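Undergrad:
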Amino acid sequence: MSRNERASNELTLANDNPASRVQIQTRSRPKQQREKMAASVCRAGGSAGRALLRARASSLLSLKKSQSTASYAQTLQNIPETQVSTLENGLRVASEDSAHPTCTVGVWIGAGSRYENEKNNGAGYFLEHLAFKGTKKRPQAALEQEIESIGAHLNSYTSREQTAIYIKALSKDLPKAVEILADVVQNVSLEDSQIEKERSVLLREMEEIDANLEEVAFDYLHATAYQGTPLGRTVIGPSQNAKTLTRADLLEYMNLHYKAPRMVLAAAGGVDHKELASLAQRHFGGVSFQYEGDAVPVLTHCRFTGSAIQYRNDDLPLAHIAVAVEGPGWNNSDNVALLVANSLIGNYDCTYGGGKNLSSSLARTSAEFNLCQSYQTFNIRYSDTGLFGIHFVTDKHSIEDMLHVAQAEWMHLCTGVTDSEVNRAKIALKTALVAQLDGTTPVCEDIGRGVLNYGHRISLKEWNDKIDALDAKKVREVCMKYIYDKCPAVSAVGPVEQLPDYNRIRSAMFWLRF
Amino acid sequence: MPEVANHSAPEVFWRINSRGSLRGQAAGLVMAAAGMSRVREWSRIRRFGLAGFRQYSHGTSNANIPLSSPLPGVPKPIFATVDGQEKFETKVTTLENGLRVASQNKFGQFCTVGILINSGSRHEAKYPSGISHFLEKLAFSSTAQFGSKDEILLTLEKHGGICDCQTSRDTTMYAVSADAKGFDTVVSLLADVVLQPRLSEEEIEMTRMAVRFELEDLNMRPDPEPLLTEMIHAAAFRENTVGLPRYCPLENIDKIDQKVLHSYLQNYFTPSRMVLAGVGIEHEQLLECAKKYLLGVNPVWGTGSLQDIDRSVAQYTGGIVKIEKDMSDVSLGPTPIPELTHLMIGLESCSFLEEDFIPFAVLNMMMGGGGSFSAGGPGKGMFTRLYLNVLNRHHWMYNATSYHHSYEDTGLLCIHASADPRQVREMVEIITREFTLMAGAVGEVELERAKTQLKSMLMMNLESRPVIFEDVGRQVLATGGRKLPDELCNLISLVTSNDIARVATKMLRNKPAVAALGDLSELPDYEHIQAALSSRDGRLPRTYRLFR
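Chains A and B supply the protein sequences, listed in that same order.
Read in order, the letters of the first sequence are residues 1 to 514 in the UniProt record's numbering.
Read in order, the letters of the second sequence are residues 1 to 548 in the UniProt record's numbering.
#1: Would you call B:T303 buried or exposed, if buried means 16 or more other Cβ atoms sit within 10 Å of its Cβ?
#2: Along chain B, in chain order, which residues have C-beta atoms closer than 8 Å to that of A:L143?
#3: For B:K181, name the three-state secondary structure that DSSP assigns.
#4: Rounding to the nearest angstrom, what Cα-Cα distance links A:V287 and A:N89 in this structure?
#5: Residue range of the alpha helix (DSSP H) that A:L256 falls in?
#6: For A:Y375, which residues does DSSP report across the bridge?
#7: Residues of chain B with CB under 7 Å from A:Y454, in chain order?
#8: So the beta strand (DSSP E) B:I90 belongs to, where does it begin and stop?
#9: State the CB to CB distance for the pair A:E409 and A:I483, rounded to an integer number of angstroms; the pair is presumed to be in contact (CB under 8 Å).
#10: Does the beta-carbon distance from B:T172 to B:G243 come in below 9 Å?
#11: With H, G and I counted as helix, E and B as strand and the rest as coil, what does DSSP make of B:I337?
#12: Cutting at 7 Å between CB atoms, please list the residues of its own chain near A:L52, excluding the five before and the five after it.
#13: Note down, in chain order, each residue of its chain lying with its Cβ closer than 7 Å to the Cβ of B:G319, except the 5 sequence neighbours on either side.
#14: In whole angstroms, give me the CA-to-CA distance for B:P524 and B:L343.
#15: Let me know if B:G296 comes out buried or exposed under the rule of 16 or more other beta-carbons within 10 Å of its beta-carbon.
#16: Of the residues A:E477, A:L452, A:V434, which one's Cα is nearest the Cα of A:E462?
#17: Output, in chain order, the set of chain A residues within a Cβ distance shorter than 7 Å of B:S418.
#18: Can we say the segment 246–264 of chain B touches the segment 93–113 of chain B, given the rule of at least three CB pairs closer than 8 Å?
#19: Which residues in the same chain have their Cβ closer than 8 Å to the Cβ of A:A280, if we skip the five residues on either side of it in sequence?
#20: Applying a beta-carbon distance threshold of less than 7 Å, which residues of chain A neighbour B:T452?
#21: Is the shortest distance between the beta-carbon of A:I447 and the beta-carbons of chain B less than 9 Å?
#22: Please return the same chain residues whose Cβ sits closer than 8 Å to the Cβ of B:L462, not counting the five positions on each side in sequence.
#23: List the endpoints of the continuous alpha helix (DSSP H) containing B:S456.
#24: For the beta strand (DSSP E) that B:K322 lies in, which residues bound it at each end?
#25: With 16 as the cutoff for other CB atoms within 10 Å, does A:N453 come out buried or exposed?
#26: Roughly how many whole angstroms lie between the Cα atoms of B:L22 and B:S305?
#27: Taking only beta-carbon atoms, is A:I109 less than 9 Å away from chain B?
#28: Does the CB of A:I399 have a neighbour CB from chain B at under 9 Å?
#29: So is B:K137 buried or exposed if we call it buried at 16+ other beta carbons inside 10 Å?
#30: To the nearest angstrom, how far is it from the Cα of B:G538 to the Cα of B:A439?
#31: Spatial neighbours of B:R40 within its chain, please: CB distance less than 7 Å, with the 5 preceding and 5 following residues excluded, ordered by chain position.
#32: So does the segment 390–407 of chain B actually touch the segment 197–206 of chain B, counting three or more Cβ pairs closer than 8 Å?
#33: Below 6 Å CB to CB, which residues in the same chain sit around A:C42 once its five sequence neighbours on both sides are set aside?
#34: Grab me the residues of B:V330's own chain with a C-beta within less than 7 Å of its C-beta, minus the 5 sequence neighbours each way, in chain order.
#35: Three or more C-beta pairs under 8 Å: does that hold for the segment 475–493 of chain B against the segment 202–214 of chain A?
#36: Could you give the residue range of the alpha helix (DSSP H) that holds A:K274?
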């Protein structure tokens, strides 16, 4: 699956996935923050495009000031501004107004399974499930009916560091959407009967996650790379916790983490920022910003351990392998170069046309020698650390070869990548970033994540500048820093007898001669 | 390998299923995603040494600024605002040769431009079926200008472009999404792809393989929807127009060659049957390009006199198409899928040109439905009839979804249901009952909800550029103009419960079309299904004889 699709899965296809009948709930899986940047990045679009187009008089887009005074760089940003304001309690409100008849509005919260401990692991996910089960004001049926009746969609997801709940609706229903969101976030009813009912749903969902080997491979990867730290746990938690977590546990989690300064109310579409801000003031103004006894939860650094984990089962048809080195956290500027590196390696699926003509050399090799069913690169980022790597699916006889060429590609990145290769990757990356922001939901998500992670939304123009500033030398430098001669974390599931010994994998992380 | 382009961008209004909105978004992204896979053929650049390609800046000085702080030295941006005066406006111009050019502007730097042609499997009456399927797979192969598909993709890559071709029963659509500054190249490329394909023997041979592969895949995949759709069309419009196979029949694969294709193209790929549509682009510019590249062009198949143009109007026949198949192990992954029998029952609705189209669309929305194991929060249609009356009450039903297909001269409203083979009879009765209930009382609340959901679905789909493109293109192709979303919304608002009952009653007078797939030992006779649909309560006739 390609990167775009992955990132979007969570958003759009969520409703299409099979889950339980009882459940009627979003499939907010512990999807890692894989390639969140790709989803989060875009805006403004292409590059010199609009500047070259004149005669815009009759367009529905117009620049605020006369065009003649705008510089080249300024005209690049031919999309509406993202406005940000902050409520008194610290909650940030951010929106982009495109005057579209529909909008997406959501709350992004800086809380996730990383804030949990062994005992309450899964609480955030459990809580998110219960958000759909009604509030103190709205019983479940009323909530569902209200949303369906305005033709809206309610969705949510939880990851290791973030929780999001969002509504897609007609723009005229924005006030109602914000009100419902506020209700769901602040007044979730948490009735005991629902909690009991939800346990079985969670257990069923765990079974489903187990059936998805890719998901398993990534959970294993976290478990080994971050062993002994909160990041090593899964979002959904162990089944023991699903059976034993109590209302008090959930309340405690909510009281500890659902704090105004850690929330962003983001919106995109036909949304007037002033209106949104006043709605936010009315409905979210009461969210607390104080911690009991001033005990602000502080994230401890999660240690990365180069190590391997494998689960061999020869009955499975295909092996899922993920290999990653430690990448930088969200804020690090090296991410740009790493994204370019990933874009250079590309991704591949045997159903792609193109075969040995694919532009990425790894995809080409994979196709030509039939080395794998598919591979994808990832750059999962957390606040202080990250996983940069590649995940591939292959049959049991090609594991060693595929791993070999993938690692060789990494070595090539570190030692010999050329400007022309980097240029192609830069174009591909920019295109991916632009193409992603089609529709209000991706834009809204970009805003929510951006404001939460970076404190502001990084415009596409800015991404473009950052990407343009790179050349092969810089990419090599950054890759050297993160990949070369580093201990990788490896996870393997399926018929993985052929997976080389860890020391051999480790010794392919450097070249004695290049 | 098959061409990547068989994913479908959603057809906004023409073929809505109740989960349309979700599909819509997904498809848009799929299009973008597929594009990622098409940036390729790097070696060619090296070989020809494109010097101009090696531009890069050395401005690494700002590379170490954390992402949370803005870049210094970037001028304060002037953002675009919505001025509110220019609403979404679609401009249409007809060129001297009959080609229509339609455009619509939109925020952003990307444009989607494409050519839609009034040609699809329904036009293959006098040709071997499967030509459109072949053309879809052959799209964006070598042309007069470009030596191979890779050259085309290489050209597009420079503008970050992706390309795609889809054919349906009535339309062929070539589309490219790219940076707006490259639109001139894009239009020239499109013109070349559509009018000057080389259709070399080698490419056709590759296509034969791809088509074979796709047919195989179609029969193997666990989701039977494409196959069922094909079957129900064949049953509803027996051997005519939209009932003709959309996928190339196995026996025709070797019959189709360059000569057949050229003869078909000569008749159907004519300017008067085409629309050049663009979204995110100025109308004047598009028009200029159209004149430059599409006016007075001599297509590779020459401009002989037109003959054999199929103008037949769809004849609804009703009937049944059955495929007995062992579906006990269709799962491709580790999770087993229970054995299911799939059933689709359809009735003729109306064309999208008729006024009744809107009530039918509302009716379809009101029926809604989906999979019983589908996840998703409120918003997936939990209060539609197929959920409330069918899935919530009969937990053994695996799926019940309503679909509405609409064409320029006819339409088909159908319900897809699946369950364990032993319960097929019961399932049939439940579905026929739902059909008969359509003509009964319609609650004000459910009607309002369906109308609102239809409107929001329409608007949400139209958030994304490829969808707008397709909507503009199809509407202009069919009507010469475009009904704006607002107008459609107004029409939706006007639908009353009487309209629903009226169109449903009219629909129920017809013979049903039935498609059945899987273990059919418990499937009732076609005549019984027909009797059930024309009865008051939708019940199958009871027979008590032991030896039937």
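Positions of the beta carbon are idealized from the N, C-alpha and C atoms, including for glycine.
The structure displayed is predicted, hence computed values, not measured ones.
TA: This is what the structure holds:
#1: exposed
#2: P378
#3: helix
#4: 7 Å
#5: A:L256 -> alpha helix (DSSP H) spans 247–257.
#6: Looking at the DSSP output, A:Y375 bridges to A:Y348, A:F392.
#7: L67, S68
#8: Reading off the sequence, residue 90 of chain B comes out as Thr, not Ile. 90–94 is the extent of the beta strand (DSSP E) around B:T90.
#9: The pair is not a contact, with the Cβ atoms about 10 Å apart (cut-off 8 Å).
#10: No, the pair does not count as a contact, with Cβ atoms beyond the cut-off.
#11: coil
#12: At A:L52, the pLDDT of 27 sits below 50, so the modelled position is not reliable; the number obtained from the coordinates is stated separately. Shown here for A:L52: not one same chain residue has a beta carbon closer than 7 Å to its own, the five before and five after excluded.
#13: A235, R238, A513
#14: Our two residues, B:P524 and B:L343, have alpha carbons roughly 11 Å apart in a direct line.
#15: exposed
#16: Checked all of A:E477, A:L452, A:V434; the closest Cα to A:E462 is A:V434.
#17: Per Cβ cutoff of 7 Å: no residues; B:S418 is ~13 Å from chain A at best.
#18: no
#19: L87, L91, V93, V178, L265
#20: Going along chain A in sequence order, the residues near B:T452 (Cβ under 7 Å) are S149, I150, G151.
#21: For A:I447, the closest Cβ of chain B is not nearer than 9 Å.
#22: Apart from the 5 residues on each side of it in sequence, B:L462 sits with its Cβ closer than 8 Å to the Cβ of V12, I468, D471, P485 in its chain, given in chain order.
#23: 444–461
#24: 319–324
#25: buried
#26: Note that B:L22 scores 32 on pLDDT, short of 50, meaning its location in the model is unreliable; the coordinates nonetheless yield the value given after this. C-alpha separation (whole angstroms): 45 Å.
#27: no
#28: Closer than 9 Å: no.
#29: buried
#30: 11 Å
#31: Low per-residue confidence applies at B:R40: pLDDT is 30, beneath 50, and the placement is therefore not dependable, though the value from the model is reported in the following sentence. Answer for B:R40: D150, L153, listed in chain order.
#32: no
#33: Only weak support is given to the placement of A:C42: the predicted model assigns it a pLDDT of 28, under 50, and the value that follows is read from those uncertain coordinates. Closer than 6 Å at the Cβ level, and outside the excluded window around A:C42, lie L433, V434, Q436, L437, L460.
#34: P222, I337
#35: no
#36: 273–284
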